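Residue numbers (this note's numbering): 16 to 322.
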């Protein structure tokens, strides 16, 4: 009981601090220029290799079995549950960034999905047109103008930046769900089981999204993953919904999607598919070549010497 009261008081203090800071939130969003240069590439590639090995031996096989034995509605329910327990932390971060409208969406989604959605297993909020507004500490730091720092591959956790890595570490005490996992008097084994289930659910989602095919088709999977992460992370920081990166049928080309794919391909060593010549650089059209007067090119009614 005392732990719960201390946790509640801490969360109230964070929200109050966020309300005080929201009025002076900077409009200059941090950049990831250093991360794009990847000064720690040697170290990162070593960690990347270890992570890929662990994924190949343990995480991916378990996730594949999970997908095979668990019906899709059940997998969706698990994914919805973990998204729902993250709503309070998104609420806090939206408050810290001064985004009251998005914070209201977090609060509304949490209330609706926790009650009508039966503990978050069903995403009733989306059916009620309350769209997600996920935020984390890394996004908050970026909104405050903090640059990403060097690109960093974290052991087991994967692609990140120095800024996002710090945010991930602080979330263990700032995120109400994470804090409760570590400090609330939960039954023995439950925190480990929840964490393992979340990892497996996330990995299964990556398989369904085609992440494995993307990496396998890249000449340099490490570089492709780095570019894809930085592009997606930038979109999250700028609060571009996923739908903004997917052109509707009949729409013109989407620059954000084109930039993301082109950057990933370029870093992976894949040449671009746009072969159109630049303006002013077109070669003059070659003069037409006159076809030889062969039996295949003469008029149909012309004699060709055949019986």
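No residue lacks a Cβ here, since even glycine has one placed at the ideal position from N, Cα and C. Fair warning: this is a prediction, and the values are worked out from it, not measured in the lab.
Indicate whether the contact test is met: 3 or more Cβ pairs, each with one atom in the segment 59 to 77 and one in the segment 169 to 184, closer than 8 angstroms.
yes
Contained beta strand (DSSP E) runs [length at least 3] in the segment 61 to 104, N- to C-terminal order:
none
Who pairs with residue 169 in a beta bridge, going by DSSP?
Answer is 173.
Which runs of the alpha helix (DSSP H) at least 4 residues long sit entirely within the segment 107 to 154? Give them in chain order.
115 to 130 and 139 to 142
According to DSSP, simplified to helix, strand and coil, what is residue 255?
coil
Nearest candidate by alpha-carbon position, reference residue 46, set 156, 222 and 204
156
Let me check understanding here. Comparing Cα to Cα, which of 113, 246 and 227 lies closest to residue 159?
Measuring from the Cα of residue 159, the nearest candidate turns out to be 113.
Can you tell me whether residue 219 is helix, strand or coil according to DSSP?
helix
Would DSSP call residue 201 helix, strand or coil?
coil
Cα-Cα separation, residue 332 to residue 166:
In the structure displayed, the chain extends from 16 to 322; residue 332 sits before or after that span and is not available.
Assess, as a yes-or-no matter, whether the segment 218 to 227 is touched by the segment 174 to 186 under the definition of 3 or more beta carbon pairs within less than 8 angstroms.
By the Cβ rule, the segment 174 to 186 does not count as touching the segment 218 to 227, because fewer than three pairs are nearer than 8 angstroms.
Apart from the five residues just before and just after residue 175, which ones in its own chain have a Cβ nearer than 6 angstroms to its Cβ?
Within the same chain, residue 175 has close Cβ partners 167 and 169.
Can you tell me whether residue 189 is helix, strand or coil according to DSSP?
Correct three-state label for residue 189: helix.
Identify the continuous alpha helix (DSSP H) that holds residue 43 and give its terminal residues.
It is not in any alpha helix (DSSP H) - residue 43 carries neither H nor E in the DSSP assignment.
For residue 245, count neighbouring C-beta atoms within 10 Å of its own C-beta (all shown protein chains included) and say buried if the count is 16 or more, exposed if not.
buried
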